[in-house]
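If you're matching positions, the sequence shown starts at 59 in this note's numbering and goes up one per residue.
Before any comments, here is the structure.
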Amino acid sequence: MLTTPRLVLRRFRPSDSPALIAYRSDPQVARFQSWTLLDAAASLAAGDPDEAGWFQYAIERTADRTLIGDVGVNTHENLMQAEIGFTLARPAQGQGYATEAVTAVLDHLFQVRGLHKVSAECDARNTASERLLTRLGFTLEGKRRQHTWINGEWTDDLVFGMLTPEWINQPE
Numbered sequence: 059m060l061t062t063p064r065l066v067l068r069r070f071r072p073s074d075s076p077a078l079i080a081y082r083s084d085p086q087v088a089r090f091q092s093w094t095l096l097d098a099a100a101s102l103a104a105g106d107p108d109e110a111g112w113f114q115y116a117i118e119r120t121a122d123r124t125l126i127g128d129v130g131v132n133t134h135e136n137l138m139q140a141e142i143g144f145t146l147a148r149p150a151q152g153q154g155y156a157t158e159a160v161t162a163v164l165d166h167l168f169q170v171r172g173l174h175k176v177s178a179e180c181d182a183r184n185t186a187s188e189r190l191l192t193r194l195g196f197t198l199e200g201k202r203r204q205h206t207w208i209n210g211e212w213t214d215d216l217v218f219g220m221l222t223p224e225w226i227n228q229p230e
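Written out as structure tokens, the structure is:
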């Protein structure tokens, strides 16, 4: 479990299922993602955040104990690099929650677990995610043209990366 001034990032619970399905099914949220209901069910039973493979943190707002999103971490089998992704329910967007949650996860990955690199990808049309990654100090490493088939169309993906010194040495 990770905590911030306004959030708790924790393991999903079975009782989270309706909220998870609701925000992941919102057409404006799902536009940039290829998640299915089967994927949602798998999140509820995801493994260990300190081992290789995917782990999905539930983002809970402490003020009202509401599930408002998730941050996924896919740790490589070498345990030295990972990929992250994040999703926020539409009513929680634009309030700094994604920045707060992703910052907590990056702190944990770089400072506690000692990872060398964290990567992220986003649909090139998802300017909010692109801005968040850039603001946090990620470097745009490339653009994969028409790389992902999602919701009946080919989309471009932006690929970002951050190395340990880039995170550790950032000005506060």
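Note that CB positions come from ideal geometry on N, CA and C, so glycine has one too.
{"Asked": "Rounded Cβ spacing between residue 201 and residue 216 (contact assumed at less than 8 Å)", "Found": "6 Å"}
{"Asked": "CA-to-CA distance, residue 193 to residue 175, given in whole angstroms", "Found": "17 Å"}
{"Asked": "Residue 138 beta carbon less than 9 Å from that of residue 172", "Found": "yes"}
{"Asked": "Cβ-heavy atom distance, residue 65 to the ligand GDP, below 8 Å", "Found": "As for the ligand GDP, it is missing from this structure, which has no ligand bound."}
{"Asked": "Unbroken beta strand (DSSP E) run spanning residue 86, endpoints", "Found": "Run containing residue 86: none in the beta strand (DSSP E); it sits in the alpha helix (DSSP H), 85-88."}
{"Asked": "Closest Cα partner of residue 180 within the set 145, 113, 73, 83", "Found": "145"}
{"Asked": "DSSP beta-bridge partners of residue 115", "Found": "69, 129"}
{"Asked": "Enclosing alpha helix (DSSP H) for residue 179 [first to last residue]", "Found": "Counting along the chain, residue 179 falls outside any alpha helix (DSSP H), though it belongs to the beta strand (DSSP E) covering 175-181."}
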